[in-house]
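**Q**
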């Protein structure tokens, strides 16, 4: 009899079947893996990314600290703050404009009929505005102090007005000290002349807002919201 | 609900049968008679000579390819044995396996075996009941030949049942059923085997299978018709008709009118076959029954061979024992006396399906394993495809859903972002304004009204006071308050006809200073009298009232005006 079990023919058939089945299973597993890797996995990644973005959007909406503040309130606040900044900008000079003070002092002397015998800049120093800026941050405000030493002569009343106007007509300026003494000279009308030695200080401020990370803004935001409300 | 139709293939040396069965009822049956002399040759050629016959039967019954078939077969290599042991069923089965293996030729691994307990006798006191185990063995290669035979015809083998084991098991149940109240001896007559069994009061006395059947009677008719006057002899189908129509003929009787075949032509061969029945039955009864029981024994005939007319009478005359057909009568689904039961051994399969012992060839189990594995692979592939498809579908839907939600939120996010930008702008402006104001105002500090202070001096001094030096500063010892340091000379004056001393003039001057609203305090620092002319030189320190500075409210500030005037001059 042929084809009995135990004969090489039957064993060969069985081994072939097992090998074929193993190959088919392997191919199916490979195809399934490739299909999952090529189709499902990228989709799963995209969905995960989309979910994360959606969560971030929802969180941003739910954590909106200024949700109750209206646009009109914000615009009103911006207008108010802008006007404050503009007032300071108009009142002060920029650090690069300190030379204009010389002209301003000359103009005042001419206006009040005071003769400037000597005018001499006293030196400049940088002023620190607020806490020191961290690395990578830029200061909102950069200040500079400029001083002059003047020797003027004129009638007492004119000199007094000149001293006062140094504070009132030259913006953010201050008369630090002065010393008035009589002069031996007389004015044209025979009026006595005084000599005054005056020290002034002038504050120059740079208010140019810089884009990017600005010191103190994030902390001030909450306060601003409170203020706006 | 009607059961599914199944297919049965019966293979014996004399006949190839194909039938369909629904439940236990054979619904369709076709057969082809075979020459038993060609049986050995057919098996040696892997049953290929029978392929054409099987194809004819399949076409006749219009069976579809791939139909599952149960094969009941006679093969020269099948060994079947009923082992009776007074032991526990498990031990009895072990004993049957050992007994069967001892009777098998060659390596035991070349054989497929199956054992089953067919009956356990009622127990007697003190002794374990006798357990009757039916054991069957078939060569592996023969089982494979049979499976391949069916496979070549497009049939899938469900079970392969050796007919001997089926007949033996059926005969045991038949004799036990008949001897439930007393004693019975049954001779089951199949075409290829005869089972002689006896039982008493629920206990099986013996059961013996003899490889001899009524096909010997059929062969005697065929051979007799070929060797007599009949031209060419009878076909096996015609001989079958004669056997079951005429039965055991009498001398001088014409048994086939068409051919004129007479009883004398077939009786010698038939007598020889009948003699074999008689000898096997008598010897079996003599050896297996107790002394004295043989004389009282009555023999009942069953099986298809019991339908042969006159067989009972002939056997009774030669056995000298009462012989009759089994009292149960013929099978209602079978033929009546004098007609052949064409179902043959398939009748056993149809009547007692669940107790049949099957031989499963390794190829069938391998095929089942492969089918199971293939099915599992297909299911796994489908599940994987469904999972991946579902994953992709869910991913696509989730992605679309997220896109929709993001699109719905986008305007709000954009508006929120713009608003946050505006709020940040406001914060930046506020911080800028606060820092700048704080820088400028804190640096400037408090300031007096210098013009008013100096103007006040000319009014307050009067004629008696002559100032020679006026200086203004913010000395640290005055806590940075504005201070006027006045140096001058106090002179005596005449007032309303009297002379006012310089000291009094100085005191009055200081008093006026102290009372002036823009002066915080006035103190005499030093004084020195010039006795020659009654003058007093003095130094007076005047601390002024001061005001906190403020950023001018007007848009066009003084600085802007100064800047403009400067530009005009240029």
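Residue numbers (our numbering), protein chains in the order written: chain Y, 1 to 229; chain Z, 1 to 570. Just so you know, even glycine gets a beta-carbon here, dropped at the ideal spot from N, CA and C. Just so you know, these numbers come straight off a predicted model, no measurement behind them.
Quick one: any contact between the region 464-472 of chain Z and the region 169-183 of chain Y, if contact means 3 or more CB pairs under 8 Å?
**A** Yes, the region 464-472 of chain Z touches the region 169-183 of chain Y.
**Q** I'd like to know if residue 84/Y contacts chain Z, where contact means its C-beta is closer than 7 Å to some C-beta of that chain.
**A** The residue labelled residue 84/Y in the question sits at position 84 within the first chain. True, the Cβ-Cβ gap to chain Z drops below 7 Å.
**Q** Is there a Cβ from chain Z that is less than 7 Å from the Cβ of residue 122/Y?
**A** Taking the first chain and counting its residues from 1, the one referred to as residue 122/Y is at position 122. Answer no: the Cβ-Cβ gap between residue 122/Y and chain Z never drops below 7 Å.
**Q** Of the residues 131/Z, 28/Z, 53/Z, 182/Z, which one's Cα is nearest the Cα of residue 35/Z?
**A** On the second chain, residue 35/Z is found 35 positions in, with the first residue counted as 1. Among 131/Z, 28/Z, 53/Z, 182/Z, the Cα nearest to that of residue 35/Z is on 53/Z.
**Q** Does the region 187-200 of chain Z come into contact with the region 298-308 of chain Z, if we say contact requires no fewer than three beta-carbon pairs (one atom in each stretch) closer than 8 Å?
**A** Output reads yes: the region 298-308 of chain Z touches the region 187-200 of chain Z.
**Q** For a quick check, are the C-beta atoms of residue 284/Z and residue 208/Z less than 7 Å apart?
**A** Position 284 of the second chain holds residue 284/Z. Position 208 of the second chain holds residue 208/Z. Cβ atoms of residue 284/Z and residue 208/Z: closer than 7 Å.
**Q** Relative to the alpha-carbon of residue 362/Z, which residue among 142/Z, 177/Z, 226/Z, 212/Z has its alpha-carbon at the smallest distance?
**A** Reading the second chain from its first residue, position 362 is the one you call residue 362/Z. Residue 362/Z has its Cα closest to that of 142/Z, out of 142/Z, 177/Z, 226/Z, 212/Z.
**Q** Kindly indicate which three-state DSSP category residue 423/Z falls into: helix, strand or coil?
**A** Residue 423/Z sits at position 423 when you count from the first residue of the second chain. Three-state result, residue 423/Z: helix.
**Q** Checking 7 Å against the spacing of the C-beta atoms, do residue 115/Z and residue 97/Z come in under that value?
**A** Counting from one through the second chain, the residue named residue 115/Z turns up at place 115. Counting from one through the second chain, the residue named residue 97/Z turns up at place 97. Yes, these two residues count as a Cβ contact at 7 Å.
**Q** Does residue 113/Y have its Cβ less than 7 Å from a Cβ in chain Z?
**A** The sequence position of residue 113/Y within the first chain is 113, counting from 1. No, its Cβ sits nowhere closer than 7 Å to a Cβ of chain Z.
**Q** Determine, using beta carbons only, whether residue 266/Z and residue 221/Z come nearer to each other than 7 Å.
**A** Counting from one through the second chain, the residue named residue 266/Z turns up at place 266. Counting from one through the second chain, the residue named residue 221/Z turns up at place 221. Their beta carbons are under 7 Å apart, which means residue 266/Z touches residue 221/Z by this criterion.
**Q** Can you give me, in chain order, the residues of the region 136-148 of chain Y that have a beta carbon less than 7 Å from any beta carbon in chain Z?
**A** For the region 136-148 of chain Y, which is checked against every Cβ of chain Z, the residues closer than 7 Å are 140, 141, 143, 145.
**Q** Exposed or buried, what is residue 140/Y when buried is set at 16 or more other beta-carbons lying within 10 Å of its beta-carbon?
**A** Mapped onto the first chain, residue 140/Y falls at position 140. Buried, since its Cβ has 16 or more Cβ neighbours within 10 Å.
**Q** Would you say residue 147/Y and residue 114/Y are within 7 Å of each other, going by their C-beta atoms?
**A** Here residue 147/Y is taken as the residue at index 147 of the first chain, counted from 1. Here residue 114/Y is taken as the residue at index 114 of the first chain, counted from 1. No; because the gap between Cβ atoms is not below 7 Å, this pair is not in contact.
**Q** Taking only beta carbons into account, state which residues of the region 15-48 of chain Y come closer than 7 Å to chain Z, listed in chain order.
**A** Hits within the stretch, in order: 17, 21, 24, 25, 28, 32, 35, 36, 39, 40, 43, 44, 46, 47.
**Q** Taking its Cβ as the centre, do 16 or more other Cβ atoms sit within 10 Å of residue 599/Z, making it buried, or is it exposed?
**A** An answer regarding residue 599/Z cannot be provided, because it is not within the stretch 1 to 570 covered by chain Z.
**Q** Can you tell me whether DSSP reads residue 565/Z as helix, strand or coil?
**A** Residue 565/Z sits at position 565 when you count from the first residue of the second chain. Residue placement at residue 565/Z cannot be trusted, given a pLDDT of 45 that sits under 50; the coordinates are not used to answer.
**Q** Quick test of your reading: residue 225/Z and residue 239/Z, contact by CB under 8 Å. State the CB separation rounded to the nearest angstrom.
**A** On the second chain, position 225 is the one that residue 225/Z refers to. On the second chain, position 239 is the one that residue 239/Z refers to. Residue 225/Z to residue 239/Z, Cβ: 7 Å. Contact.
**Q** Could you check whether residue 8/Z and residue 356/Z sit closer than 7 Å to each other, using their CB atoms as the reference points?
**A** Position 356 of the second chain holds residue 356/Z. Position 8 of the second chain holds residue 8/Z. No; because the gap between Cβ atoms is not below 7 Å, this pair is not in contact.
**Q** Determine, using beta-carbon pairs with one atom in the region 506-520 of chain Z and one in the region 535-555 of chain Z, whether at least three such pairs fall under 8 Å.
**A** Touching, per the Cβ criterion.
**Q** For residue 205/Z, is the classification buried or exposed, using 16 other Cβ atoms within 10 angstroms of its Cβ as the cut-off for buried?
**A** Taking the first residue of the second chain as 1, we reach residue 205/Z at position 205. Result: buried.
**Q** Between residue 162/Z and residue 85/Z, is the Cβ-Cβ spacing less than 7 Å?
**A** Indexing the second chain from 1 puts residue 162/Z at position 162. Indexing the second chain from 1 puts residue 85/Z at position 85. Not a contact, by the Cβ cut-off of 7 Å.
**Q** Mind checking the region 167-181 of chain Y against chain Z and listing, in chain order, the residues whose C-beta falls within less than 9 Å of any C-beta there?
**A** Taking 9 Å as the Cβ-Cβ cut-off against chain Z, the residues of the region 167-181 of chain Y that qualify are 167, 168, 169, 170, 171, 172, 173, 174, 175, 176, 177, 178, 179, 180, 181.
**Q** Would residue 50/Y count as contacting chain Z if we go by Cβ distances under 7 Å?
**A** If you number the first chain from 1, residue 50/Y lands on position 50. It does; some Cβ of chain Z falls within 7 Å.
**Q** Could you work out which residue in 29/Z, 326/Z, 451/Z is closest to residue 174/Z when comparing CA atoms only?
**A** For the purposes of this step, residue 174/Z is taken as the residue at position 174 of the second chain. Selected option, being the one with the closest Cα: 326/Z.
**Q** Taking 7 Å as the threshold (C-beta atoms), are residue 25/Z and residue 57/Z in contact?
**A** In the second chain, counting from the first residue as 1, residue 57/Z sits at position 57. In the second chain, counting from the first residue as 1, residue 25/Z sits at position 25. No.
**Q** Note down the Cα distance separating residue 158/Y from residue 150/Y, rounded to an integer number of angstroms.
**A** Indexing the first chain from 1 puts residue 158/Y at position 158. Indexing the first chain from 1 puts residue 150/Y at position 150. Rounded to whole angstroms, residue 158/Y to residue 150/Y spans 15 Å at the Cα level.
**Q** Identify the contact partners of residue 534/Z in chain Y, using a Cβ-Cβ distance below 7 Å as the criterion.
**A** Within the second chain, numbered from 1, the residue matching residue 534/Z stands at position 534. Simply none; closest approach about 22 Å.
**Q** Quick one: list the residues of chain Z neighbouring residue 205/Y, beta-carbon separation under 7 Å, in chain order.
**A** For this step, residue 205/Y is matched to residue 205 along the first chain. Chain Z residues near residue 205/Y: 436, 439, 440.
**Q** Determine whether the Cβ of residue 150/Y lies closer than 7 Å to any Cβ atom of chain Z.
**A** Residue mapping note: residue 150/Y aligns to position 150 of the first chain, counting from 1. It does not: the Cβ of residue 150/Y has no partner Cβ on chain Z nearer than 7 Å.
**Q** Out of 263/Z, 210/Z, 441/Z, 158/Z, which has the shortest C-alpha to C-alpha gap to residue 88/Y?
**A** Translated into positions along the first chain, residue 88/Y becomes position 88. With distances taken between Cα atoms, residue 88/Y lies closest to 441/Z.
**Q** Given a cut-off of 7 Å, decide if residue 451/Z and residue 187/Y are closer than it, judged by their beta-carbon atoms.
**A** Working through the first chain from its first residue, we reach residue 187/Y at position 187. Working through the second chain from its first residue, we reach residue 451/Z at position 451. Result no, Cβ atoms of residue 187/Y and residue 451/Z do not sit closer than 7 Å.
**Q** Just to confirm my understanding: we take residue 316/Z, look at its own chain, exclude 5 residues before and 5 after, and list those with CB closer than 6 Å. What are they?
**A** For this step, residue 316/Z is matched to residue 316 along the second chain. Here the set comprises 323.
**Q** In whole angstroms, give me the CA-to-CA distance for residue 523/Z and residue 544/Z.
**A** Start at 1 with the first residue of the second chain, and residue 523/Z comes out as number 523. Start at 1 with the first residue of the second chain, and residue 544/Z comes out as number 544. Looking at the two C-alpha atoms, the distance is approximately 12 Å.
**Q** Quick one: Cα of residue 459/Z to Cα of residue 117/Y, how far?
**A** The residue given as residue 459/Z occupies position 459 in the second chain. The residue given as residue 117/Y occupies position 117 in the first chain. For residue 459/Z and residue 117/Y, the distance between alpha carbons rounds to 28 Å.
**Q** Below 8 Å between beta carbons is the criterion; list the residues of the region 109-123 of chain Z that meet it against any residue of chain Y, in chain order.
**A** Of all residues in the region 109-123 of chain Z, 109, 110 have a Cβ within less than 8 Å of some Cβ in chain Y.
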